[in-house]
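A.B. asks: Quick note: our numbering has the sequence shown finishing at residue 441, numbered continuously throughout.
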Amino acid sequence: MKYDFDKIVPRRHTGSYKWDSIPEDALPLWVADMDFEVAPAIEKALADRVAHGVFGYTQIDDSYYDAVISWYNRRHQWTIDRRWMLYTSGVVPAISCGIKALTLPGENVLVQTPVYNCFFSSIRNQGCQIVESPLVRKDDSYVIDWEDFERKCADEKTTVFLLCNPHNPGGRVWTREELAKMGAICAKHHVFVISDEIHCELVMPGYKFTPFAAVNEDNLRNSVTLSSPSKSFNTAGLQIANIICKDDEIRRRIDRVINIFEVCDVNPFGPVALKAAYNESEDWLDELNEYIWGNYQLLKGTFAQQLPSLRVTRLEGTYLAWVDISSLGMTSDEVTKKLLKEGHVFVSSGTLYGKEAGEGFIRINLACPRSVLKEGLNRIVKTLR
């Protein structure tokens with residue numbers, strides 16, 4: 057490989073939420089934050105910006121929009137009009153702004169559980185009701201219960217469907233056919249789609265990501281897409297994200313909420329990193345995905361040999377392994393507490409992603425040097441075996 061993902065970068069005592077918010081003797085395999093150095097082009101672009109020495113208010117210029125448009129056209133065969141784009145400080149603020157702009161308190165927002173935990177807080181913060189359409193386990197993956205999904209969409213109180221594409225923590229990269237069917241059902245019942253696509257570049261061999269809005273014109277008109285380079289290029293702390301929406305009125309409403317809640321300004325470094333990522337770091341991303349796939353194979357092999365009762369969900373996208381631990385006869389919370397207390401390794405309890413749909417699972421972050429993952433897996437095996 058051209059890039060060294062095996063390199064250990066010490067992160068203790070750097071203000072790292074991932075490392076410094078847990079006990080000193082624990083290995084963190086939890087929050088979706090990578091332990092790899094960023095691509096060299098990003099590091100250089102940021103160093104050049106720091107060398108300028110002045111960090112005032114930031115204006116987004118043409119080169120920023122050009123980078124996003126070129127990336128999506130080249131990487132995902134989706135042509136975006138600059139007029140469709142709004143920028144903000146992160147995908148979670150974008151989710152909240154979308155929900156606030158498109159719903160009234162008391163209305164239903166539909167989600168497919170188990171799902172990213174911040175979906176729940178963003179919905180509750182608007183005073184809306186969370187309606188779950190649980191995904192169905194099939195072999196080592198998940199499928200959609202289409203009958204249940206349409207029934208929930210048909211409820212007159214359901215006004216928004218919050219989609220996770222690719223799906224966190226289930227690891228699905230939704231197919232074009234699945235996205236088209238979701239879109240058709242939502243359009244039929246006048247349900248608007250907010251598609252969180254923050255993990256869209258983290259796709260494993262043999263799978264292809266499709267933006268929800270790129271499937272067809274109906275999906276494009278009835279949705280808003282949320283994206284950021286933060287997960288795929290490890291720049292979450294630089295706080296930059298994009299909201300892509302063709303409908304002028306919907307976009308105006310979201311823009312109004314962005315300004316009301318003062319998340320309309322970004323720092324000087326986020327746009328610089330985005331441009332360096334999208335314009336100069338595609339080969340780094342390709343190697344990253346290969347490395348994550350190798351880490352996933354290590355986890356699968358280790359559990360198959362040492363803890364065969366644990367079932368590892370097929371990883372199509374993201375760098376997050378979703379593991380069925382129900383055979384242990386313990387709750388997800390009990391397992392995560394035991395792993396932290398006895399094994400000194402911190403993973404995420406499945407109940408964070410839906411109390412019922414996530415029970416019996418843990419989520420493990422694979423985005424770390426292989427030696428770190430090996431040590432974490434050894435600790436898990438020793439504790440649970």
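Glycine included, every Cβ here is placed at the ideal spot set by N, Cα and C.
Cutting at 6 Å between CB atoms, please list the residues of its own chain near Y375, excluding the five before and the five after it.
C.D. replies: Correct list, in chain order: L258, I348, L422, A423.
A.B. asks: For the stretch 184-202 against the stretch 155-162, do three or more pairs of beta-carbon atoms, one drawn from each stretch, fall closer than 8 Å, so that the two count as touching?
C.D. replies: Yes: the two stretches touch, three or more of their Cβ pairs being nearer than 8 Å.
A.B. asks: Is it right to say N224 is buried, meaning 16 or more other beta carbons lie within 10 angstroms of its own, or is it exposed?
C.D. replies: Counting Cβ neighbours within 10 Å, N224 comes out buried, since at least 16 surround it.
A.B. asks: Taking the beta strand (DSSP E) that Q185 belongs to, which residues open and close that run?
C.D. replies: 185-188 is the span of the beta strand (DSSP E), which, as asked, contains Q185.
A.B. asks: Check whether the stretch 130-145 touches the stretch 354-370, taking contact to mean three or more Cβ pairs, one atom from each stretch, closer than 8 Å.
C.D. replies: Touching, no.
A.B. asks: Contact between the stretch 309-320 and the stretch 94-105: three or more CB pairs below 8 Å?
C.D. replies: The stretch 309-320 is not in contact with the stretch 94-105.
A.B. asks: Whose CA, out of N272, A210, F205, lies closest to the CA of D233?
C.D. replies: What sits at residue 233 in the sequence shown is Glu, not Asp. Of N272, A210, F205, the residue nearest in Cα terms is N272.
A.B. asks: Compare the beta carbon distance of S382 and S405 with 8 Å and say whether it is the shorter of the two.
C.D. replies: In this structure, S405 does not lie closer than 8 Å to S382 by Cβ.
A.B. asks: Using only alpha-carbon positions, find the residue among P79, Y113, L85 that is nearest to C320.
C.D. replies: If we check each option's Cα against that of C320, Y113 comes out closest.
A.B. asks: When you compare each of R277, T266, F175 to V247 by their alpha carbons, which one comes out closest?
C.D. replies: For the residues R277, T266, F175, the minimum Cα distance to V247 belongs to R277.
A.B. asks: Give the DSSP bridge partners of Y198, in chain order.
C.D. replies: Beta-bridge pairing links Y198 to R193.
A.B. asks: How is the beta strand (DSSP E) around N164 delimited, first residue to last?
C.D. replies: Where N164 is concerned, the enclosing beta strand (DSSP E) stretches over 164-167.
A.B. asks: If I measure Cβ to Cβ from I78 and keep anything under 7 Å in the same chain, skipping five residues before and after, which residues do I get?
C.D. replies: Once the five neighbours on either side are set aside, the close Cβ partners of I78 are P84, F402.
A.B. asks: Mark D91 as exposed unless 16 or more other C-beta atoms lie within 10 angstroms of its C-beta, in which case mark it buried.
C.D. replies: D91 is buried by the Cβ-count criterion.
A.B. asks: Where are the beta strand (DSSP E) runs, 3 residues long or more, that stay fully inside the stretch 312-382, in chain order?
C.D. replies: List check, beta strand (DSSP E) in window: 376-380.
A.B. asks: Rounding to the nearest angstrom, what Cα-Cα distance links C220 and D274 in this structure?
C.D. replies: Whole-angstrom Cα-Cα distance: 19 Å.
A.B. asks: Would you report the Cα separation of K393 and R367, rounded to the nearest angstrom?
C.D. replies: Approximately 20 Å, taken between the alpha carbons.
A.B. asks: Using 8 Å as the limit for Cβ to Cβ distance, is V94 near chain D?
C.D. replies: Within the model displayed, chain D is absent; a lone protein chain is all it includes.
A.B. asks: Tell me which residues share the same chain as A332 and place their Cβ nearer than 6 Å to its Cβ, disregarding the 5 neighbours each side in the sequence.
C.D. replies: Only A97, I98, A101 meet the Cβ criterion.
A.B. asks: Using three-state DSSP, classify Y143 as helix, strand or coil.
C.D. replies: DSSP places Y143 in strand when its eight states are reduced to three.
A.B. asks: Applying the criterion that 16 or more other CB atoms from any shown protein chain within 10 Å of the CB defines a buried residue, is T266 buried or exposed?
C.D. replies: So T266 counts as buried.
A.B. asks: Mark H255 as exposed unless 16 or more other C-beta atoms lie within 10 angstroms of its C-beta, in which case mark it buried.
C.D. replies: By the neighbour-count rule (16 or more Cβ atoms within 10 Å), H255 is buried.
A.B. asks: Alpha carbons only, please: which of Q115, A95, I151, A236 is nearest the one belonging to D339?
C.D. replies: Checking every option, the nearest Cα to that of D339 belongs to A95.
A.B. asks: Report the option in L440, Q168, S152, H132 whose CA atom is closest to the CA atom of S365.
C.D. replies: Here the closest residue by C-alpha is L440.
A.B. asks: Kindly give me the distance between the Cβ atoms of I151 and D252, rounded to whole angstroms, as I take these residues to be in contact under 8 Å.
C.D. replies: Right, their Cβ atoms sit about 6 Å apart.
A.B. asks: Any chance the CB of T214 is under 7 Å from a heavy atom of the ligand GDP?
C.D. replies: For the structure depicted, the ligand GDP is absent and the ligand set is empty, with no information on it obtainable.
A.B. asks: Less than 8 Å between the C-beta atoms of E372 and G227, yes or no?
C.D. replies: Yes.
A.B. asks: Is it buried or exposed, M57, if we count other Cβ atoms within 10 angstroms and call 16 or more buried?
C.D. replies: Counting Cβ neighbours within 10 Å, M57 comes out exposed, since fewer than 16 surround it.
A.B. asks: Does DSSP put I241 in a helix, in a strand, or in coil?
C.D. replies: In the structure shown, I241 sits in a helix (DSSP, three-state: H, G or I).
A.B. asks: To the nearest angstrom, how far is it from the Cα of E80 to the Cα of T407?
C.D. replies: About 25 Å.
A.B. asks: Count the other CB atoms within 10 Å of the CB of T70; is the residue buried (16 or more) or exposed (fewer)?
C.D. replies: T70 comes out exposed.
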